[in-house]
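**Q** Read in order, the letters of the sequence shown are residues 0 to 497 in numbering that gives the first Met the number 0.
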Amino acid sequence: MILVVGSGIAGLTAALVARESGAEVVIATKGRIDDANTTHAQGGIAAVVSPDDTHASHWADTLRAADDTADPDAVMTLVEDGTDVIAWLMLDCGVVFDRDADGRLAQGLEAAHSHPRILHAGGDATGAEIERALIGAVRAAGIDVREHTALQDLLLSDGSVVGARLMDSSGRSVDVGAEAVILATGGCGRAYARTTNPAGATGEGIAAAMRAGARVADMEFVQFHPTVLADGEAFLVSEAVRGEGAVLLDDHGRRFAFDAHPDGELAPRDVVARAIADAMAKQRGRPVLLDATGLGAEHLAARFPTIDRAVRGRGLDWARDPIPVAPAAHYLMGGIVTDIDGATSVPGLFAAGEAACTGVHGANRLASNSLLEGAVFGSRAARAASRYRPTTVRSAAPIRPGRSARIQGDSADDFDREALGRVMWEHAGLERDAAGLDLAADRIEGWLSDLAEPSSVADIEDLGLLTVALEIVRAARTRPQSVGAHHRSDPALVPTAA
Ligand SMILES: Cc1cc2nc3c(=O)[nH]c(=O)nc-3n(C[C@H](O)[C@H](O)[C@H](O)COP(=O)(O)OP(=O)(O)OC[C@H]3O[C@@H](n4cnc5c(N)ncnc54)[C@H](O)[C@@H]3O)c2cc1C
0 MILVVGSGIA
10 GLTAALVARE
20 SGAEVVIATK
30 GRIDDANTTH
40 AQGGIAAVVS
50 PDDTHASHWA
60 DTLRAADDTA
70 DPDAVMTLVE
80 DGTDVIAWLM
90 LDCGVVFDRD
100 ADGRLAQGLE
110 AAHSHPRILH
120 AGGDATGAEI
130 ERALIGAVRA
140 AGIDVREHTA
150 LQDLLLSDGS
160 VVGARLMDSS
170 GRSVDVGAEA
180 VILATGGCGR
190 AYARTTNPAG
200 ATGEGIAAAM
210 RAGARVADME
220 FVQFHPTVLA
230 DGEAFLVSEA
240 VRGEGAVLLD
250 DHGRRFAFDA
260 HPDGELAPRD
270 VVARAIADAM
280 AKQRGRPVLL
290 DATGLGAEHL
300 AARFPTIDRA
310 VRGRGLDWAR
320 DPIPVAPAAH
330 YLMGGIVTDI
340 DGATSVPGLF
350 AAGEAACTGV
360 HGANRLASNS
370 LLEGAVFGSR
380 AARAASRYRP
390 TTVRSAAPIR
400 PGRSARIQGD
410 SADDFDREAL
420 GRVMWEHAGL
430 ERDAAGLDLA
440 ADRIEGWLSD
450 LAEPSSVADI
460 EDLGLLTVAL
470 EIVRAARTRP
480 QSVGAHHRSD
490 PALVPTAA
């Protein structure tokens, strides 16, 4: 049996492809099946689907957005497989993408893409449509789905993963054996005070993999989305809105994005997010304005129905007035290291999607590449897991990796998620420096040392949040130079004006 953990695009794709490969499959997922970042994805999924676009162009755009830190071979796999995976999503799973007036697939333009190649559904409800179709396909395939079932730990035998300890919502744990486990548990945006991610993005899949000895990498590369509504609960205003012509203004009504990059509002995300943070610093922290008034009320409502509802629900009329936006934590580029077939450094353990680090994003992800990544590498991980045969003789009793011994009760203050969010936002956010990172590490280590063995899903999440937060901080400390989304502002590293 292959155990797939998580039911976003990566997990559902992995489950379906593993089943197509003939494997028995069980999906364990923490909440309802559609509780996933995938459901909230708006702008779309990037892929080469028209004859006037090329894989070479998508590949080059991806590498450029990543400051040339992405793995060129992994990116080529992403963009080449991407074309087939779109056909699979549409033809085998029934995903309905939007079409233009001529009946051709509608293709939008987003920041840092040199060609319109963003497929979308329901205007700006792309993730929800993909999730709907994949869930339908999973049900139709009769795959065993265990909702409200959280991964607590992986089970090891002779250094290989042989199953998982799962916990239900009443806190009852059960050990499940599996030939292979595919982790598709998504990211950890909830480690930050301000994030676009829904409540379940708490990183514990990555934390469990780390306890099982899996290698993680690039954890310092956290992407901050530039344009998140700064009125009430954080709500993402897709890049596609800027792709269609909306502009960013400071308090003086000036388009400041061109000060940072010749592509202005359509520069890579990290550049635009920092340009906004700089503009906010100059206006005492007040959010900047996203001016979409040029797009017209009708077009905004038709092309971006989800955003339109959210904006108007806050009493704002974005067809008439610019709306306040500010950056928020959005996406983890790093994660569990895998090869291009989803294999981690631990035999029997595979990973895909945002939880994994294949190297396709390097230090900065190109917009709309992550849904694609989930489908491409979810498929590849499923095929590899279906082929996987354990090579070692397994000991009778699988073991669960414990947490390393800690001194209990030495933290100066009590842990709560808000406090962690503030520490991460202030010291491991858009700008980092050595003093802030040291302070963050001290606080998080203190909180971690106080955590008892999880007895509820919330405890598992707390352990996940603190483990990945500490790893982000550790990784950021060891990279003194700025690159992509990791920006160091240490006085010694910032050139002083002559
Ligand atoms: C608001 C928003 C808009 C976005 N827009 C876009 C976009 O337009 N285009 C794009 O490409 N990307 C977009 N992204 C990013 C993209 O949605 C995600 O990177 C992608 O959906 C991740 O897919 P995934 O399958 O890896 O993880 P997810 O979709 O996050 O799924 C993770 C799954 O794992 C489960 N899980 C977590 N922990 C456990 C556990 N301990 N035990 C069991 N199950 C667990 C979760 O419940 C969930 O089902 C957006 C993200 C957000 C938040």
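Note that beta-carbon positions come from the ideal geometry of N, C-alpha and C, so glycine has one too.
I'd like to check one pair, A206 with L153: are the Cβ atoms closer than 8 angstroms?
**A** Cβ atoms of L153 and A206: not closer than 8 angstroms.
**Q** Mark P490 as exposed unless 16 or more other C-beta atoms lie within 10 angstroms of its C-beta, in which case mark it buried.
**A** By the neighbour-count rule (16 or more Cβ atoms within 10 Å), P490 is not buried but exposed.
**Q** Going by CA-CA distance only, name the one from D316, E128 and A351 that's closest to M332.
**A** When only C-alpha atoms are compared, the closest one is A351.
**Q** Mapping DSSP to helix, strand and coil, what is A239?
**A** Here A239 sits in helix by DSSP.
**Q** In this structure, does DSSP put T82 in helix, strand or coil?
**A** Looking at T82 - three-state DSSP - the assignment turns out to be helix.
**Q** Output yes or no for whether 8 angstroms exceeds the beta carbon distance between L365 and H112.
**A** For L365 and H112, yes; Cβs fall inside 8 angstroms.
**Q** Leaving out five residues before and five after G263 in sequence, what residues of the same chain have Cβ atoms less than 6 angstroms from its Cβ?
**A** Within the same chain, G263 has close Cβ partners A256 and F257.
**Q** By Cβ distance, which residues of its chain are closer than 6 angstroms to Y504, with the 5 residues on each side in sequence left out?
**A** Since the first residue shown for the chain is 0 and the last is 497, residue 504 is missing from the structure and cannot be characterised.
**Q** So which of A374, D70, H486 and V175 has the shortest CA-CA distance to A27?
**A** The option with the nearest alpha carbon to A27 is V175.
**Q** Check whether the Cβ atoms of G170 and V4 lie closer than 8 angstroms to each other.
**A** Contact: no.
**Q** Are the CB atoms of H119 and D52 nearer to each other than 8 angstroms?
**A** Not closer than 8 angstroms, so no.
**Q** Suppose contacts are defined by Cβ-Cβ distances below 8 angstroms. Is G295 in contact with T12 by that definition?
**A** No, these two residues do not count as a Cβ contact at 8 angstroms.
**Q** Give a single yes or no on whether V215 has its beta carbon closer than 7 angstroms to a heavy atom of ligand 1.
**A** Checking the Cβ of V215 against ligand 1 gives no.
**Q** According to DSSP, is I339 part of a helix, a strand, or is it coil?
**A** It is coil, neither helix nor strand.
**Q** Please classify P261: is it buried, with 16 or more other beta-carbons within 10 angstroms of its beta-carbon, or exposed?
**A** Exposed, because fewer than 16 other Cβ atoms sit within 10 Å of the Cβ of P261.
**Q** Got a sec: does ligand 1 put a non-hydrogen atom nearer than 7 angstroms to the Cβ of S448?
**A** For ligand 1, not one heavy atom lies less than 7 angstroms from the Cβ of S448.
**Q** With a 10 Å radius around its C-beta and 16 neighbouring C-beta atoms as the bar for buried, classify T343 as buried or exposed.
**A** So T343 ends up on the buried side.
**Q** So what does A27 bridge to, in DSSP terms?
**A** In the DSSP output, where bridge partners are listed per residue, A27 has V4 and R145.
**Q** Look at the Cβ atom of I471, then the Cβ atom of E219, and state whether they are nearer than 8 angstroms.
**A** Yes, the pair counts as a contact, with Cβ atoms nearer than the cut-off.
**Q** With D123 and S237 assumed to form a contact (beta carbons below 8 angstroms), what rounded beta-carbon distance in angstroms separates them?
**A** 6 angstroms between Cβ atoms; contact.
**Q** Tell whether a beta-carbon distance below 8 angstroms holds between C356 and I339.
**A** Cβ atoms of C356 and I339: not closer than 8 angstroms.
**Q** Between the beta-carbon of V227 and the beta-carbon of A325, is there less than 8 angstroms?
**A** Going by C-beta atoms, V227 is nearer than 8 angstroms to A325.
**Q** Can A200 and G185 be called in contact, C-beta distance under 8 angstroms?
**A** For A200 and G185, yes; Cβs fall inside 8 angstroms.
**Q** Taking its Cβ as the centre, do 16 or more other Cβ atoms sit within 10 Å of R405, making it buried, or is it exposed?
**A** Unreliable positioning characterises R405 in this predicted model, as indicated by a pLDDT of 49, which lies under 50. The coordinate reading is nonetheless provided below. Exposed: under 16 other Cβ atoms inside 10 Å.
**Q** In terms of residue numbering, what span does the beta strand (DSSP E) encompassing P323 cover?
**A** Element bounds for P323: I322 to L331.
**Q** Candidates A69, D441, A65 and V137: which alpha carbon is nearest A9's?
**A** Closest option to A9, Cα to Cα, is V137.
**Q** In its own chain, which residues sit with a C-beta less than 6 angstroms from the C-beta of Y191, not counting the 5 before and 5 after it?
**A** Excluding sequence neighbours, Y191 sits near A328, G420, M423 and W424.
**Q** So, is V161 buried or exposed, given that buried needs 16 or more other C-beta atoms within 10 angstroms?
**A** V161 is buried by the Cβ-count criterion.
**Q** Let me confirm a value: V173 is counted as buried when at least 16 other C-beta atoms fall within 10 Å, else exposed. Which label applies?
**A** By the 10 Å Cβ count, V173 comes out exposed.
**Q** Could you check whether the stretch 124-133 touches the stretch 241-250, counting it as contact only if at least three pairs of C-beta atoms, one from each stretch, sit closer than 8 angstroms?
**A** Segments in contact, no.
**Q** Report whether the distance from the Cβ of T82 to the nearest heavy atom of ligand 1 is below 7 angstroms.
**A** Result no, Cβ not under 7 angstroms from ligand 1.
**Q** Hey, out of V240, H298, K281 and A73, whose CA is closest to H251's CA?
**A** The residue with the shortest Cα to Cα distance from H251 is K281.
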